[in-house]
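First comes the structure, then the notes that go with it.
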Amino acid sequence: MVWRLLSFVGLQAAAAALAWALVAPGTRVWTALVAAIGAGYLWLLLDAVRGLRLLNWLRRGESTEVALGQGLWGEAADRMRRLLRARERQVVEGEGKLQDFLAALQASPNGVVLLDAQGRIEWFNQIAGAHFGFDVRRDLLQHFGNLVRDPEFAAYFSDRDFSRDVVMPGRDSTSAKPVRLSVQLHPYGEGRSLLLSRDITAVEQAEAMRRDFVANVSHEIRTPLTVLAGFVETLQALPLDEEERQRYLGLMAQQAQRMQSLVNDLLTLSRLEGSPLPSVHDWVSVPAVLRACETESVELSRLLWGRAQDIVFEPGPSCELAGSQPELYSAVFNLVGNAVRYTPADKSIHVRWQSLGNGACLLSVEDTGPGIAPEHVPRLTERFYRVDRSRSRDTGGTGLGLAIVKHVAQRHGAELRIDSAPGKGSVFSLVFPASRVRTMTAQTPVTV
Ligand code: ADP
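Pasting the structure below:
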């Protein structure tokens, strides 16, 4: 301020002094006065020009500097420049933070949609885009309710009770491949809302499977229990002779045996699901497993058919498998046992252990039984799935054998293959990867 006053007065004084010196003595006073006033106007004009330059610079909003030197306008320009820079920095920082937040929401495993107070889509992440079939260019600022027309969601949206979620089909849902979404709105700010969507297809399927499993187990146990209870009642109520008593007790033992097999298979399955993967450092002798299966299968064959079937074991190269002996035995015996149970007494069964050349090995159980129609094959490893219920039960089946085989195979990195055709018999094979197989040397200790 002092500088401005000094420059204003100084310029006028200098002009007056110059006029005083240059003009003749008679008109000196007036000329000096006019020169001082003129200099004052000139100062004001220059000052206004500088002010205007600053104003124009502000109006244009240019980032280039405006040179106004020192003084009031120079300082004003300087301070404004600094203020603008600070603002710009804040905006850039704010923008960076916003991008970070959006990137975090983008990384969310759930669908996220931000809705404005009118329910229009302001932003959504890729998962939400896939859940609802949204397109960034087409659907931003569209009303969510106009794009998602599911009646369950419409009722949920109009009820405005957002304390719970709503379950609706996803965009790609078909009857063959249903997709179920759990959607919940969370209001925030002034009328805005955050919509979260979660794919719960797998959870719902697991829940349905659990329900089916419990229903199946209950049914499988109830049937022999009912038969047992009936026999007990008969034995209690009727005076039976010794022969009849023995017959009934035999039938009761059969039913008890059936329940025992079922419980054993259930326990095996639950152990397979709950225990850590078998070690890759424990080696199991394949010939020993095959020998044990041979003995057992001959016994089973005698029990079921009254005589030993024609079961040929071809042990192939002497190998060891990395894994769990009880699991591998259980898988192989389930396959051999099925062949014995489903192949008529006068037909043959071949059990082979072969090398596939690339280090991988194959265990196959080939029977000449009834074979299986192609539509059943993909479902055979489901729990309690049977092609012929009564045949399975009559031969002591639980419907869990192939589910156990599949689990064991998965836990040993092996693949279960089923080749079968009605009337032509079946081949069930387990293919073990090279990493799980090693050739037995004479020194290799045998583990059974
Ligand atoms: P199950 O105890 O009923 O044999 P599995 O899980 O072992 O149960 O087998 C499922 C179904 O697959 C059986 O009920 C049977 O219908 C069919 N199956 C399994 N092995 C054979 C086979 N070797 N020949 C014909 N059908 C078979």
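For the sequence shown, the residue numbers in the numbering used here are 8 to 455.
Every residue gets a Cβ at the ideal spot worked out from N, C-alpha and C, and that includes glycine.
DSSP places G432 within a strand segment (E or B) once states are collapsed to three. Setting aside the 5 residues that flank it on each side, I425 is surrounded in the same chain by V384, F435, each with a C-beta closer than 6 Å to its C-beta; the list follows chain order.
Between R205 and N117, the gap from beta carbon to beta carbon is short of 8 Å.
Just so you know, the alpha carbons of A338 and L188 end up roughly 38 Å apart. Between S200 and L122 the beta-carbon gap is near 5 Å, inside 8 Å, which marks them as a contact. Within the model, the alpha-carbon separation for T181 versus G404 is close to 36 Å. CA-CA distance, A410 to Q113, rounds to 39 Å.
DSSP places Y48 in the helix class (H, G or I) of the three-state scheme.
Approximately 11 Å separates the beta-carbon atoms of S371 and V343; this is outside 8 Å, ruling out the contact. Residue state for E382 is assigned as coil, using DSSP reduced to three classes.
With a cutoff of 7 Å, I318 does not count as near ligand 1, since its C-beta is closer than that to no heavy atom of the ligand. Looking at K413, P429, A428, the one whose alpha-carbon comes closest to that of E422 is K413. Not a single heavy atom of ligand 1 lies less than 7 Å from the C-beta of A421. A buried status is given to T350, since no fewer than 16 other beta-carbon atoms sit within 10 Å of its beta-carbon.
Under DSSP, P194 takes part in a beta bridge, and its partners are S200.
Around the Cβ of G330, a 10 Å sphere holds 16 or more other Cβ atoms; the residue is buried. Runs of the alpha helix (DSSP H) spanning 4 or more residues and lying entirely within the segment 155 to 197 occur at 158 to 166, in chain order. Bounds of any beta strand (DSSP E) do not take in I228; it lies within the alpha helix (DSSP H) bounded by 208 to 244. Taking 7 Å as the cut-off, the C-beta of I228 does not count as close to any heavy atom of ligand 1.
Nearest to S427 by alpha-carbon distance, out of I379, E389, M447, is I379. By the CB criterion at 8 Å, L235 and A215 fall outside the cutoff.
In the structure shown, Q361 falls within a strand segment according to DSSP collapsed to helix, strand and coil. The DSSP assignment places complete alpha helix (DSSP H) segments of no fewer than 4 residues inside the segment 61 to 128 at 78 to 113, in order along the chain.
Taking a C-beta distance under 8 Å as the contact criterion, F15 and W50 qualify as a contact pair. When DSSP states are grouped into helix, strand and coil, L370 belongs to the strand group. A check of alpha carbon separations from L369 across R443, L105, Q133 identifies R443 as the nearest. Checking the 7 Å criterion, the Cβ of P377 is within range of a heavy atom belonging to ligand 1. Note: I318 is bridge-paired with I356 in the DSSP secondary-structure output. When secondary structure is reduced to three states using DSSP, L310 falls in the helix class. The beta carbon of R386 sits closer than 7 Å to those of Y392, all from its chain and outside the five residues before and after it, given in chain order. Under the Cβ criterion (8 Å, minimum of three pairs), the segment 163 to 171 counts as touching the segment 188 to 198.
Between L53 and W80, the C-beta spacing is not below 8 Å. Going by beta carbons, F320 and V358 fall inside the 8 Å limit.
Apart from the 5 residues on each side of it in sequence, A46 sits with its Cβ closer than 6 Å to the Cβ of L18, Q19, A22 in its chain, given in chain order. Separation of E251 and L258 (C-alpha to C-alpha, rounded to the nearest whole angstrom) is 11 Å. Look at A329 here: in three-state DSSP terms it is strand.
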